[in-house]
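For what it's worth, this note's numbering labels the leading residue of the sequence shown as 33, then goes sequentially. Report on one structure; see the data block that follows.
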Amino acid sequence: MMLLGVIADDFTGATDIASFLVENGLPTVQLNGVPHSDTQIDTQAVVISLKSRSCPAAQAVEQALQALIWLQRQGCRQFYFKYCSTFDSTAQGNIGPVTDALLDALGEQQTVISPALPVNGRTVYQGYLFVMEQLLSESGMRHHPVTPMTDSNLLRLMEAQATGRCGLVNAAEMDRGAAAVKEKLQQLAQQGVRYAVLDTLNEQHLLTQGEALKTMKLVTGGSGLAIGLARQWAQPGQAKAQSAGAPQGKKAVVLSGSCSTMTNKQVNRYRQQAAAQAIDVARCINETARSAYAAELCHWVEHHATAELAPLLYATAEPQQLQQTQQLYGTQTASLAVEALFSEVTQRLQQQGFSRFIVAGGETSGVVTQALKLHGFHIGPCISPGVPWVRAIEQPVSLALKSGNFGDENFFARAQTEFPV
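Below you can see the structure in the form of structure tokens.
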């Protein structure tokens, strides 16, 4: 029986939550996009990855509802809308509109907002979201190219893009345990509060949330809440699930499209350890020139493929450089051109026998998996919290797909040296 169905708004976010479910005892399969209506999956949990974080809100809603319909057909008992632990969205959405649509479709009146992941420094206190010791609005997310986060108050952020009122279950109430949390949620529901932000300072708070929310039809959050819920649904088979996703293949490449603060540090560190080539955005804009450029880059990657550490291609840039690029070519034009380049490079490298792809950035990860025509994955061992190796169900391809700010500075090298094939 399918116990939990997760609708994730980007690929690395899907991989992130799938890894926590597997680690905490819930066998999980990750699917790339909404399956065909007649597709049947035999597992305890399914994570459906969409590419809906920064698309128009109406499109994000449509995709989420399609995923919900498929999960309902599988007899799924609980639904989980997964977004980034830094609540990536704007005043127009997409977190609020998608949450509203899912609530309405399920006939539910209330859900929770729980983006926290303490193990990665994402905590919530008095409704404010922190990244390490900084408020969200004072972190590197303030300069995000697509969803700049200039407010840290989750209640304000949610009410700005959703249709209902937002309330708070504070840390003191969380400390009193699951019964106290359930009581507070009932009080908020009686007051007409549609969304309840959950203060979260540590893993115990996540476990408390899991116990309190096991019977809630729809929950929303980052991947941390999955720890608590998976413990509630705990099933045997964790080791088997992780071994099914262990990395394989000889030829590897690192592709980095994220411009987050941590990915910039990771790229700078890896450039000192392995061959690295920056992407020239100007050569990506024109489609004809882009194809020739992709062939050139693949030739360079092949030349360095026998080194101890895989070669790196990166479009990662510091905020000032990124801003200059966006002003010169336009934000969307530059982004789509780089994504198209990564897509062609990925396809060419697969034809050249590359079967291990280490990818940084949610959008880039989505592009890579689409280029490889992959539809499902076994979840393997974790490289860093929320970042496992995964192995494609239908092809001999392994991937490490990380959200921009996840992992330590030595992530790219550790993904290879700590998990040799």
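Think of the CB as a built atom: it goes at the ideal place given N, C-alpha and C, for glycine as much as any other residue. None of these values were measured; they are calculated from a predicted model.
Same chain, Cβ closer than 6 Å to residue i, five either side skipped, listed in chain order
i, result
"K214", "A244"
"V144", "A228, L230 and V251"
"A16", "Because the chain in this structure spans residues 33 to 453, residue 16 falls outside the shown range and cannot be described."
"Q76", "L35, L58, P59 and Q267"
"A337", "K283"
Rounded Cβ spacing between residue i and residue j (contact assumed at less than 8 Å)
i, j, result
"S69", "D42", "Not a contact, Cβ separation roughly 23 Å."
"F52", "A262", "7 Å"
Proximity below 8 Å, CB of residue i to CB of residue j
i, j, result
"T240", "M206", "yes"
"N79", "A99", "The amino acid at residue 79 is misidentified as Asn; the sequence shows Val. Cβ atoms of V79 and A99: not closer than 8 Å."
"Q185", "G224", "The question names Gln, but residue 185 in the sequence shown is Asn. No; because the gap between Cβ atoms is not below 8 Å, this pair is not in contact."
"F444", "G418", "no"
"F409", "R423", "yes"
"S292", "V299", "no"
"V400", "G281", "no"
"A133", "L97", "yes"
"A342", "V285", "yes"
"A447", "I411", "no"
"L373", "R322", "yes"
"A310", "Y302", "no"
"A148", "G254", "yes"
"P150", "E55", "no"
"P420", "T47", "yes"
"V66", "Q110", "no"
Residue i versus residue j: straight-line alpha-carbon distance, rounded
i, j, result
"S435", "A392", "6 Å"
"T252", "L187", "14 Å"
"G57", "G128", "30 Å"
"Q193", "L233", "25 Å"
"I259", "L63", "20 Å"
"F119", "Y227", "14 Å"
"A25", "A327", "With the chain covering 33 to 453 only, the question about residue 25 has no answer from this structure."
"V370", "L354", "12 Å"
"S146", "Q379", "37 Å"
"Y112", "H237", "18 Å"
"A432", "Y346", "15 Å"
"D74", "M34", "7 Å"
"G398", "A203", "35 Å"
"T71", "W332", "40 Å"
"Y157", "T122", "21 Å"
"R154", "S290", "19 Å"
"G209", "L344", "47 Å"
"V377", "E319", "13 Å"
"R315", "L329", "11 Å"
"I425", "L406", "8 Å"
"W340", "A349", "A quick correction: the sequence has Glu, not Trp, at residue 340. Cα to Cα, the separation comes out at about 25 Å."
"G139", "K249", "10 Å"
"L220", "G199", "7 Å"
"C87", "Q383", "30 Å"
"K114", "L217", "20 Å"
"S84", "Q304", "35 Å"
"G37", "N126", "19 Å"
"G45", "G394", "7 Å"
"H335", "E191", "52 Å"
"Q141", "Q104", "18 Å"
"A137", "L168", "31 Å"
"L381", "L135", "42 Å"
"Q352", "G385", "37 Å"
"Q402", "Q222", "45 Å"
Same chain, Cβ closer than 8 Å to residue i, neighbours up to 5 away in sequence not counted
i, result
"Q124", "A89 and Q193"
"C108", "M34, L35, L36, G37 and V78"
"Y325", "D312, R315, C316 and L373"
According to DSSP, residues forming a beta bridge with residue i
i, result
"R388", "A284 and S430"
"P420", "C414"
"Q309", "L345"
"A77", "L36 and T60"
"I425", "Looking at the DSSP assignment, I425 forms no beta bridge with any residue, so it has no partner."
"I317", "Bridge partners of I317: none, in fact."
"N296", "For N296, which the question treats as bridged, DSSP gives no partner whatsoever."
"C116", "Answer by DSSP bridge pairing: none, since C116 is not bridged."
"Q110", "L36"
"T143", "Y227"
Neighbourhood of residue i by C-beta, 7 Å cutoff - its chain only, sequence neighbours within 5 removed
i, result
"A174", "The displayed chain sequence assigns Arg, not Ala, to residue 174. So the qualifying residues of the chain are P180, M181 and T182."
"G196", "R226 and Y227"
"A306", "A339, L341, A342, P343 and L344"
"P177", "C291, L354, Q358 and T363"
"V163", "T118, G153, R154, S171 and M173"
"A212", "E205"
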